[in-house]
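Residue numbers for the sequence shown, in my numbering: 23 to 234.
See structure below.
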Amino acid sequence: MDKKKTNKIVDLLKRHVVQNYKEYLVVMIFFIVGLFFGVFFINQMKEEQISQVHTYLNDFVQNLKNISDINEFDILKSSIFDKVLLTLMIWFFGTTVVGIPVVFGLVIYRGFCLGYTIASIISFMGFTKGFFFILIILVLQNLLLIPALMGLAVSGFKFYKSIIKDRRKETIKIAFARHTIFSIIMLIGLVISSLIEVFISTKLLTLMIQYF
């Protein structure tokens, strides 16, 4: 992709955020609610359940320490499949009037998963080690994943609002095309986040895992 095309995409994304900042705020609130639910869920778990989570994380860390060669292709394939499925679900439900609650539900679920993961790691490793572990395995890819997720949800929300306001076929066709093109751009961002996850975060984790 040449510099001019990249600049056009960046300008498009900037305009999209500025023009739809209210929708982004709504989606962000749903994501943060999910994040807090994930943290709250861990904090409310019984000692036996917490112990099971710690055992799982301990086994995960020990397995990483003992694995000399990670199959990056399998991890990448699984990660990209997850991102494509997420994009298709939000794109599809965003094109239906009754599907927008599902879109917000997916945003809450993703926030919940992130909050649950962060709280589990800190509970298991403590704040200092847990912070650095999270920094390695979660932060880099989520710098793209979270904005792309929000962009997908906002695009679906915007398409829903356009259908409610104007039901003319021509208007719906234009809104549908915009929603689809924007979803494809967000998918590219999600795929890049998968590449970062596998070839940067996973590499860093395998190098640093002996210190955890």
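We put the beta carbon where it would ideally sit given N, CA and C, even for glycine.
Please report the Cβ distance between M50 and M172, rounded to the nearest whole angstrom; I am assuming they are in contact, meaning their Cβ atoms lie under 8 Å. Here the question's residue 50 lines up with position 28 in the sequence shown. Here the question's residue 172 lines up with position 150 in the sequence shown. M50 to M172, Cβ: 6 Å. Contact.
In this structure, does DSSP put F153 in helix, strand or coil? The residue given as residue 153 occupies position 131 in the sequence shown. Residue state, collapsed to three classes: helix.
So I218 packs on L162, CB below 8 Å; how close in whole Å? Sequence index remark: in the sequence shown, residue 218 carries index 196 (1-based). Sequence index remark: in the sequence shown, residue 162 carries index 140 (1-based). With 8 Å as the limit, I218 and L162 qualify as a contact, their Cβ atoms being about 5 Å apart.
Between which two residues does the alpha helix (DSSP H) containing T109 stretch? Your numbering for residue 109 matches position 87 in the sequence shown. Where T109 is concerned, the enclosing alpha helix (DSSP H) stretches over 94-116.
With distances taken Cα to Cα, identify the nearest neighbour of L166 among F204, I214, Q84. In the sequence shown, residue 166 corresponds to position 144, counting from 1. Per the Cα distances, I214.
Mind checking I112: buried by the 16 CB within 10 Å criterion, or exposed? Your numbering for residue 112 matches position 90 in the sequence shown. So I112 ends up on the buried side.
With distances taken Cα to Cα, identify the nearest neighbour of L57 among K26, Y131, D96, T77. Residue numbering aside, residue 57 sits at position 35 when the sequence shown is read from its first letter. The shortest Cα separation from L57 among K26, Y131, D96, T77 belongs to Y131.
Just the Cα atoms here: how many angstroms apart are Q232 and L79? Counting from 1 along the sequence shown, the entry for residue 232 is found at position 210. Counting from 1 along the sequence shown, the entry for residue 79 is found at position 57. Computed Cα separation, rounded: 14 Å.
Cβ neighbour criterion (16 or more within 10 Å) applied to G152: The residue given as residue 152 occupies position 130 in the sequence shown. Looking at its Cβ environment, which holds 16 or more other Cβ atoms inside 10 Å, G152 is buried.
Less than 8 Å between the beta carbons of F156 and I143, yes or no? As a working mapping, residue 156 is identified with position 134 in the sequence shown. As a working mapping, residue 143 is identified with position 121 in the sequence shown. Just to set this straight, residue 156 is Ile in the shown sequence, not Phe. Result yes, Cβ atoms of I156 and I143 sit closer than 8 Å.
Give me the Cα-Cα distance between F82 and S100, rounded to the nearest whole angstrom. In the sequence shown, the residue the question calls residue 82 occupies position 60. In the sequence shown, the residue the question calls residue 100 occupies position 78. Roughly 17 Å separates the two Cα atoms.
At a cut of 8 Å, does the region 198-209 reach the region 170-188 through at least three beta carbon pairs? yes
Three-state secondary structure (DSSP) of R200: On the sequence shown, position 178 is the one that residue 200 refers to. Here R200 sits in helix by DSSP.
Nearest-angstrom Cα distance between V125 and F114? In the sequence shown, the residue the question calls residue 125 occupies position 103. In the sequence shown, the residue the question calls residue 114 occupies position 92. Using only the alpha carbons, I get a separation of about 9 Å.
From which residue to which residue does the alpha helix (DSSP H) around D81 run? The residue given as residue 81 occupies position 59 in the sequence shown. Counting along the chain, the alpha helix (DSSP H) containing D81 begins and ends at 69-88.
Could you check what DSSP says for N42 in three-state terms: helix, strand or coil? Counting from 1 along the sequence shown, the entry for residue 42 is found at position 20. N42 falls in the coil class under three-state DSSP.
Option nearest V119 by Cα separation, candidates I92, M230, R189: Working through the sequence shown from its first residue, we reach residue 119 at position 97. The residue with the shortest Cα to Cα distance from V119 is R189.
My assumption, with CB atoms under 8 Å, is that S223 sits in contact with I159. Please give the rounded CB distance. Along the sequence shown, one-based indexing puts residue 223 at 201. Along the sequence shown, one-based indexing puts residue 159 at 137. Right, the Cβ-Cβ distance comes to about 5 Å (below 8 Å), so this counts as a contact.
Taking CB distances under 8 Å as the criterion, tell me whether N164 reaches chain D. You won't find chain D in this structure, because it holds only one protein chain.
Is the beta carbon of G127 less than 8 Å from the beta carbon of Y182? Stepping through the sequence shown from its first residue, residue 127 is reached at position 105. Stepping through the sequence shown from its first residue, residue 182 is reached at position 160. Going by C-beta atoms, G127 is not nearer than 8 Å to Y182.
Please state if the CB of T139 and the CB of L212 are separated by a distance shorter than 8 Å. Within the sequence shown, residue 212 is the residue found at index 190, counting from 1. Within the sequence shown, residue 139 is the residue found at index 117, counting from 1. Contact flag unset, no.
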